[in-house]
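This note's numbering puts the first residue of the sequence shown at 1255, with every later residue one more than the last.
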Amino acid sequence: MKIAPLKRTIIAIIVVLALLPASLALGAGLPGPPPPPPPPIPTPPNTGYDHYTIIQAPQGNPDQIVFGTPDNDMIAEYGDTDTATQYAEGSEGDDWLLQVGGDKTINQTAISGDGNDTLYQFGGKGDSNLFALGGGGYKIFIQVGGQGTNNLEIYGGEGGNTMQQYGGLGNNTMKLSGTTGNDVIEMYGSPGNNTMIYNPTPGNDLATILGGGGYNTLTINKRGQSFTLKDYQGRVLFQTGAGGSTITVANLHRITVIGDNGKPIYTYNPGIVPTSIAPLLLLGN
């Protein structure tokens, strides 16, 4: 029996209206709490270390470069009007590193070396490029974007680390790779648009990834790892392998999991009309 074009159109409208509330709910991104505010710039410790280096760049000096010693080092770099590059490298001891951007575009690099280290990076008033690299031992990484466009990258080393990224006031690109151990990972977007990239590593990591106020995307590169992807209500969105890391996400508009062959194996994108609904929209034509 044939269905008249008008009747088919009415059926299509009813189906679309029935599915519209769920589509609208997802269109705002996976629901969840807003990201927490970033921590304030810490005060450098004045005890507990063998060597103390604090640099406040004078006007006209674009570079701050400090190399640590085999002992326990405290290194703090504060940008000024013309600071363009900050580089701090720890060594074999337990080190404390701090970098704070200045008024212009800043390029920060912090390398921890071996030992139990703490690394802080804060962007400046211009565009900020923050890069941190871990070594052996337990690390704490904290990156906070600046007032311009921000690129944040953390690459853990060996052991288990605590790693936190906070987007800045502008648009953010945030990349994070864990360590060979069990990590606690937190990635928080900002009021701007947030492009977030997470690379799972061996170990049972606990990752929390929250988008911010703008348009938020997350890419997860599988890289042979096992993990479970959940929303903030505990519902499993995607799972690969047995055990491994747990990734909890919220406030994201698009999620893509890239498989070992370099091709997407999972996509969450509520802005696209589901293929099961799209043909219904053409019934009346």
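For glycine and all other residues, C-beta sits at the position ideal for the given N, C-alpha and C. Just so it is clear, the structure is predicted and the values come from calculations on it, not from any experiment.
Per-residue burial, residue 1554 [other beta carbons within 10 Å of its own, 16 or more giving buried]:
Because residue 1554 is not part of the residues shown, which for the chain are 1255 to 1539, the question remains open.
Could you check whether residue 1400 and residue 1422 sit closer than 8 Å to each other, using their CB atoms as the reference points?
Cβ atoms of residue 1422 and residue 1400: closer than 8 Å.
Three-state secondary structure (DSSP) of residue 1440
The three-state reading of DSSP puts residue 1440 in strand, counting E and B together.
Among 1369, 1363, 1514, which one has its Cα closest to the Cα of residue 1478?
For residue 1478, the closest C-alpha among the options 1369, 1363, 1514 is that of 1514.
Suppose contacts are defined by Cβ-Cβ distances below 8 Å. Is residue 1397 in contact with residue 1387 by that definition?
Contact flag unset, no.
Identified DSSP bridge partners for residue 1508:
Its beta-bridge partners are 1471.
Quick one: what's got a C-beta closer than 7 Å to residue 1523's C-beta in the same chain, skipping five residues either side?
Cβ neighbours of residue 1523 beyond the five flanking positions: 1508.
Can you tell me whether residue 1434 is helix, strand or coil according to DSSP?
DSSP places residue 1434 in coil when its eight states are reduced to three.
Roughly how many whole angstroms lie between the Cα atoms of residue 1419 and residue 1428?
Rounded to the nearest whole angstrom, the C-alpha separation of residue 1419 and residue 1428 is 7 Å.
What residue does the beta strand (DSSP E) around residue 1364 start on, and which one ends it?
Where residue 1364 is concerned, the enclosing beta strand (DSSP E) stretches over 1360-1365.
Looking at the structure shown, is residue 1405 part of a helix, part of a strand, or coil, going by DSSP?
In this structure, residue 1405 counts as strand in the three-state DSSP scheme.
Contact check, residue 1453 vs residue 1468, beta carbons under 8 Å
With contacts defined as CB atoms closer than 8 Å, residue 1453 and residue 1468 fail to qualify as a contacting pair.
Sort 1424, 1414, 1311 by Cα distance to residue 1431 and report the nearest one.
For residue 1431, the closest of 1424, 1414, 1311 by C-alpha to C-alpha distance is 1414.
Residue 1460 to residue 1329, Cα distance in whole Å?
Taking the straight line joining both Cα atoms gives about 29 Å.
Within the same chain, show all residues whose beta-carbon is closer than 6 Å to that of residue 1371, passing over the 5 residues directly before and after it, in chain order.
In its chain, beyond the 5 residues on either side, 1344, 1349, 1393 have a beta carbon closer than 6 Å to the beta carbon of residue 1371.
Can you tell me whether residue 1487 is helix, strand or coil according to DSSP?
Coil.
Specify the secondary structure class of residue 1282 as computed by DSSP and reduced to three states.
Any reading at residue 1282 needs caution, since the residue's pLDDT is 45, under 50, leaving its predicted position unreliable; the model's value is listed next. DSSP places residue 1282 in coil when its eight states are reduced to three.
Supposed contact pair residue 1338 and residue 1360 - C-beta distance, whole angstroms, cut 8 Å:
At roughly 7 Å, the Cβ-Cβ gap stays under 8 Å, so residue 1360 and residue 1338 are in contact.
Span of the beta strand (DSSP E) around residue 1334
Taken as a continuous stretch (DSSP letters only), residue 1334 belongs to no beta strand (DSSP E), as it is neither H nor E.
Who are the near neighbours of residue 1504 in its chain, counting only those whose CB is closer than 6 Å to its CB and skipping five residues on each side?
Hits under 6 Å: 1284, 1286, 1464, 1486.
Where residue 1335 falls, given that 16 or more other Cβ within 10 Å makes a residue buried:
So residue 1335 ends up on the exposed side.
With residue 1420 as the anchor, note down where its beta strand (DSSP E) starts and where it stops.
Note, residue 1420: beta strand (DSSP E), 1415-1420.
Residue 1459 - DSSP class collapsed to helix/strand/coil
If DSSP states are grouped into helix, strand and coil, residue 1459 belongs with coil.
Does chain D have any CB closer than 8 Å to the CB of residue 1405?
Absent from the structure: chain D. Only one protein chain is present.
Give the single residue among 1492, 1295, 1402, 1320 whose Cα lies nearest to the Cα of residue 1376.
Checked all of 1492, 1295, 1402, 1320; the closest Cα to residue 1376 is 1295.
Nearest CA to the CA of residue 1482: which residue from 1475, 1290, 1492, 1357?
Of the listed residues, the one whose Cα sits closest to residue 1482 is 1492.
Starting from residue 1518 and walking both ways along the beta strand (DSSP E), at which residues does that stretch end?
Per DSSP, the unbroken beta strand (DSSP E) holding residue 1518 starts and ends at 1518-1522.
Nearest to residue 1502 (by Cα), restricted to the options 1425, 1440, 1302
Nearest C-alpha to residue 1502: 1440.
I'd like the list of long-range same chain contacts for residue 1451, defined as Cβ closer than 6 Å, with 5 residues on each side in sequence excluded.
Within the same chain, residue 1451 has close Cβ partners 1429, 1473.
Tell me whether the beta-carbon of residue 1455 lies closer than 8 Å to the beta-carbon of residue 1476.
No, Cβ-Cβ distance for residue 1455 and residue 1476 is not below 8 Å.
Give me the residue from 1437, 1458, 1391 with the minimum Cα distance to residue 1497.
By alpha-carbon distance to residue 1497, the top candidate from 1437, 1458, 1391 is 1458.
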